[in-house]
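Enquirer: Shown below is the structure under consideration.
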Amino acid sequence: MGSAAVGAGLVLPARLRAQEVLKVAGIHASPVENAWNSRLHKAMLDAAEEGVIEYVFSEGVSATDYPRAMREYADQGADLIVGEAYAVEREARKVAQDYPDTAFLMGSSGDPSDANFGTFGTWNHEAAYLAGMLAGPMSESGVFGSVGAIPIPEVNMLINGFREGVNAVRPDAQHLIGFIGTFFDPPKAREAGLAQIDAGADILFGERIGTADAAKERGIKAIGSLIDYSERYPDTVFANAMWYFRPILNAAMDDVKAGNPVGKNYTPFSLMVHGGNDITFVEDMVPADAVAAMEERRAAIKAGEFEVPIDFSEPT
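The numbering of the sequence shown is this note's numbering, which starts it at 23 and goes up by one.
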């Protein structure tokens with residue numbers, strides 16, 4: 023359990039004028055160092071440092087404790103509670119019903135509900151597609167591995183996006199897919215990556231932290247997801263499918279300040295056109311012609327001239 027706060031401990035009304043500071047609580051099921059949670063955490067920390075919000079948080083909150091944490095923050099006067107409902111969909115929605123004047127913005131595979139329970143998904147599939155385009159010509163074996171958490175729609179879509187990007191430039195590619203059954207277990211992700219390398223993969227797409235450890239250990243290349251792993255794994259990670267939570271957070275905060283219902287799907291703010299995801303890469307690790315082709319497709323995506331397929335089906 024950890025916490026960070028900026029500003030005085032002031033309880034603010036649920037309906038706020040645009041110039042007032044929101045009291046925002048983050049509830050993280052995993053440690054905030056976990057890639058996905060770190061994206062939410064950084065966006066809220068940045069907003070707090072800018073004086074836009076007052077931010078408190080809890081991390082490593084188990085599914086059994088999650089509803090209690092939601093209730094505690096609501097009772098403390100949080101205007102907006104940000105978290106994840108993947109393991110507690112029914113319970114989280116029940117809490118929101120009991121606190122109609124509190125806004126909830128939850129990562130979820132389900133739909134929004136009531137006026138105060140908004141949802142969002144992690145859509146960095148466009149960046150994953152572009153990373154796949156870079157990876158395609160870099161593989162000698164033509165075998166690409168992907169290590170994911172659990173086959174929920176957002177994870178499936180990301181791995182499918184990477185696979186489609188590879189296939190766009192290398193139609194004969196083979197793909198190995200592995201799921202570790204949890205959202206945070208770097209040693210298990212490493213083991214899954216090693217198994218894929220043993221099966222012939224020479225480039226790994228790491229939807230989970232730990233995948234790049236396997237690539238580094240065996241001297242092959244890897245792609246990171248959500249955050250930039252390039253400095254942590256020099257000479258191993260050559261590209262990252264970045265995800266930025268701030269556009270989603272901004273949209274929800276605007277609705278709360280305006281007194282608008284937040285019971286909507288904020289996922290589209292993850293799209294590249296809104297600045298919600300993008301690719302980063304190490305230029306001297308990638309062939310120039312691959313970069314040129316990728317940048318052309320990237321521009322088309324931002325211009326709305328190309329749409330990366332959204333495929334929620336479990337990759338096999």
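The C-beta atom is built at its ideal place from N, Cα and C for all residues, glycine as well.
Source: prediction; values computed, not measured.
With distances taken Cα to Cα, identify the nearest neighbour of ALA263 among ASN182, ASP257 and HIS197.
Expert: Along the sequence shown, one-based indexing puts residue 263 at 241. Ranking the options by Cα distance to ALA263, first place goes to ASN182.
Enquirer: What does ASP300 pair with, by DSSP beta-bridge criteria?
Expert: Here the question's residue 300 lines up with position 278 in the sequence shown. Bridge partners of ASP300: MET264.
Enquirer: Whose C-alpha, out of GLY200, LEU271, GLY297 and THR233, is nearest the C-alpha of ARG254?
Expert: By one-based count along the sequence shown, residue 254 stands at place 232. With distances taken between Cα atoms, ARG254 lies closest to THR233.
Enquirer: Compute the Euclidean distance between the alpha carbons of MET128 and VAL177, then round it to the nearest angstrom.
Expert: Start at 1 with the first residue of the sequence shown, and residue 128 comes out as number 106. Start at 1 with the first residue of the sequence shown, and residue 177 comes out as number 155. Each residue's alpha carbon lies about 16 Å from the other.
Enquirer: Are the stretch 106-120 and the stretch 81-91 touching by the rule of at least three beta carbon pairs closer than 8 Å?
Expert: Output reads yes: the stretch 81-91 touches the stretch 106-120.
Enquirer: What span of residues does the alpha helix (DSSP H) with LYS210 cover, start to end?
Expert: Counting from one through the sequence shown, the residue named residue 210 turns up at place 188. From DSSP, the alpha helix (DSSP H) with LYS210 extends over 208-220.
Enquirer: Indicate whether the contact test is met: 3 or more Cβ pairs, each with one atom in the stretch 234-250 and one in the stretch 42-49, closer than 8 Å.
Expert: With the cut-off at 8 Å, the stretch 234-250 and the stretch 42-49 do not touch.
Enquirer: Excluding sequence positions up to five away, which residues of its chain have a Cβ less than 8 Å from the Cβ of HIS296?
Expert: Locating residue 296 in the sequence shown gives position 274, where the first residue counts as 1. Closer than 8 Å at Cβ, skipping near neighbours: PRO269 and PRO290.
Enquirer: Counting beta carbon pairs with one atom in the stretch 152-171 and one in the stretch 215-229, are three or more of them shorter than 8 Å?
Expert: Taking 8 Å as the limit for Cβ pairs, the verdict is that the stretch 152-171 does touch the stretch 215-229.
Enquirer: Using three-state DSSP, classify SER292 as helix, strand or coil.
Expert: In the sequence shown, residue 292 corresponds to position 270, counting from 1. If DSSP states are grouped into helix, strand and coil, SER292 belongs with the helices.
Enquirer: Thinking C-alpha only, which one of GLY143, GLU113 and ALA153 is nearest MET316?
Expert: On the sequence shown, position 294 is the one that residue 316 refers to. The residue with the shortest Cα to Cα distance from MET316 is ALA153.
Enquirer: Expressed to the nearest angstrom, what Euclidean distance is found between the alpha-carbon atoms of ALA149 and VAL54?
Expert: The residue labelled residue 149 in the question sits at position 127 within the sequence shown. The residue labelled residue 54 in the question sits at position 32 within the sequence shown. One C-alpha to the other measures close to 22 Å.
Enquirer: Rounding to the nearest angstrom, what Cα-Cα distance links LYS324 and MET294 in this structure?
Expert: Taking the sequence shown and counting its residues from 1, one reaches residue 324 at position 302. Taking the sequence shown and counting its residues from 1, one reaches residue 294 at position 272. Their backbone Cα atoms lie some 6 Å apart in a straight line.
Enquirer: Who are GLN196's beta bridge partners in DSSP?
Expert: Against the sequence shown, residue 196 aligns to sequence position 174. In the DSSP output, where bridge partners are listed per residue, GLN196 has VAL165.
Enquirer: Taking the CB atoms as reference points, tell me whether PRO283 and ASN138 lie closer together than 8 Å.
Expert: Taking the first residue of the sequence shown as 1, we reach residue 283 at position 261. Taking the first residue of the sequence shown as 1, we reach residue 138 at position 116. Their beta carbons are under 8 Å apart, which means PRO283 touches ASN138 by this criterion.
Enquirer: At what residues does the alpha helix (DSSP H) containing GLY241 begin and finish?
Expert: Position 219 of the sequence shown holds residue 241. Looking at the DSSP string, GLY241 is not in any alpha helix (DSSP H), and its letter there is neither H nor E.
Enquirer: Is GLU111 near SER80, with beta carbons less than 8 Å apart?
Expert: Your numbering for residue 111 matches position 89 in the sequence shown. Your numbering for residue 80 matches position 58 in the sequence shown. In this structure, SER80 does not lie closer than 8 Å to GLU111 by Cβ.
Enquirer: According to DSSP, what are the bridge partners of MET128?
Expert: Residue 128 sits at position 106 when you count from the first residue of the sequence shown. Answer is GLY105 and THR141.
Enquirer: How many whole angstroms separate the CB atoms of ARG230 and ALA171, which I take to be in contact at a CB cut-off of 8 Å?
Expert: One-based indexing of the sequence shown puts residue 230 at position 208. One-based indexing of the sequence shown puts residue 171 at position 149. Indeed they touch by this definition, with Cβ atoms about 5 Å apart.
Enquirer: Verify whether the separation of the beta carbon atoms of LEU271 and ALA65 is less than 8 Å.
Expert: The residue given as residue 271 occupies position 249 in the sequence shown. The residue given as residue 65 occupies position 43 in the sequence shown. Yes, Cβ-Cβ distance for LEU271 and ALA65 is below 8 Å.
Enquirer: So, for GLY307: in the same chain, excluding its five sequence neighbours on each side, which residues have a beta-carbon less than 7 Å away from its beta-carbon?
Expert: Within the sequence shown, the letter at position 285 stands for residue 307. Correcting the residue identity first, residue 307 is Met in this sequence and not Gly. Excluding sequence neighbours, MET307 sits near PHE260.
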